[in-house]
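I have placed the structure first, in the form of structure tokens, so that the comments after it can refer back to it.
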Amino acid sequence: MIVDKSDIELWELFTSGSQTAFGRLYDKYADLLYAFGLRYTSDKDMVKDCIQDLFIDLLHYRDELAKDVNVRFYLLKSFKRKLHTASKKAAIFSLNEWDLDDKVVSGFSFSAEQDTVSDERQREMLQALAVEINKLPERQKEILYLKFTHNLDYEEIASMMQISVPTCRTFVYRAIKELRGKLEISTILLILWAL
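Take the sequence shown: its position 5, counted from the start at 1, is 4 in numbering that gives the first Met the number 0, and no numbers get skipped.
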């Protein structure tokens, strides 16, 4: 796992009491958390509320937070937990039983990457790849999203998804094997480049 050194410094400043560092953390991660949350629910207000709650908790418990963390992973995992809790509360009030872990993860798309890809053939391959990824089982899709979009390692993904590391590796292996069987090799190589 590649850890952003600026994140480490920012986290250290934040946990030491810097309000400026807190603001920079929020500015850096709020949009990422918002997009991440929308993969699990279409309730935009709930996602925004959970982001606010997460940062309020960070501020409140700043003195008790670990100093040596992978900031991206820590925020994603904490946010997913908050979103899960909020979803359960909403389900109680709406009398709908809904579990975040069973919720369909939104479809894959490569729109941001497509903006940087000038070759029409590459765009077509990315679109074909997105279609095939969206046909994968939800757990495999989620693991690919966490692995390649958020650059989390197997241990972090396994922790977030509450599965073992070998199971996590197996999901990735099966997903890539499935994709390889359906797509030409140039498209598979493009996934490694694009993600």
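Even glycine gets a Cβ: it sits at the ideal position worked out from N, Cα and C. Every value quoted in this text rests on a predicted model; they were computed, and no experiment measured them.
Flag this pair as yes or no: are the beta carbons of residue i and residue j separated by less than 8 angstroms?
i: leucine 74; j: threonine 14; result: no
i: aspartate 56; j: alanine 85; result: no
i: leucine 145; j: methionine 159; result: yes
i: tyrosine 25; j: valine 46; result: no
i: phenylalanine 170; j: isoleucine 142; result: yes
i: isoleucine 50; j: alanine 29; result: yes
i: arginine 138; j: tyrosine 153; result: no
i: methionine 149; j: arginine 71; result: Inspection of the sequence shows that residue 149 is occupied by histidine rather than by methionine. Yes, they are a contact pair.
Return the CA-CA distance between residue i and residue j, expressed in angstroms with no decimal places.
i: tryptophan 10; j: phenylalanine 78; result: 16 angstroms
i: alanine 157; j: serine 17; result: 32 angstroms
i: alanine 127; j: isoleucine 162; result: 29 angstroms
i: phenylalanine 92; j: proline 136; result: Since pLDDT at phenylalanine 92 reaches only 47, below the 50 mark, its modelled position is unreliable, and the value read off the structure follows with that caveat. When rounded, the distance between both Cα atoms is 29 angstroms.
i: phenylalanine 35; j: valine 164; result: 22 angstroms
i: glycine 22; j: serine 5; result: 14 angstroms
i: leucine 37; j: aspartate 44; result: 10 angstroms
i: leucine 178; j: alanine 129; result: 10 angstroms
i: lysine 88; j: glutamate 155; result: 26 angstroms
i: aspartate 42; j: leucine 31; result: 16 angstroms
i: leucine 151; j: lysine 140; result: 14 angstroms
i: lysine 176; j: arginine 122; result: 22 angstroms
i: leucine 53; j: lysine 27; result: 14 angstroms
i: lysine 76; j: lysine 134; result: 25 angstroms
i: phenylalanine 147; j: glycine 180; result: 20 angstroms
i: threonine 173; j: glutamate 119; result: One detail in the question is off: residue 173 reads as arginine in this sequence, not threonine. If you take the alpha carbons of arginine 173 and glutamate 119, they lie about 29 angstroms apart.
i: aspartate 67; j: leucine 12; result: 12 angstroms
i: asparagine 69; j: arginine 80; result: 17 angstroms
i: leucine 58; j: methionine 124; result: 44 angstroms
To the nearest whole angstrom, what separates the beta carbons of residue i and residue j, a pair I think is in contact under 8 angstroms?
i: threonine 40; j: leucine 82; result: 7 angstroms
Q.
Extract the residue ranges of the beta strand (DSSP E) inside the region 52 to 79, only unbroken runs of 3 or more that lie entirely within it.
A. none
Q. At which residue ranges does the region 9 to 55 contain complete alpha helix (DSSP H) runs of 4 or more residues, listed in the order of the chain?
A. Listed in chain order, the complete alpha helix (DSSP H) runs (minimum 4 residues) inside the region 9 to 55 are 18 to 37.
**Q.** Contained beta strand (DSSP E) runs [length at least 3] in the region 142 to 191, N- to C-terminal order
**A.** none
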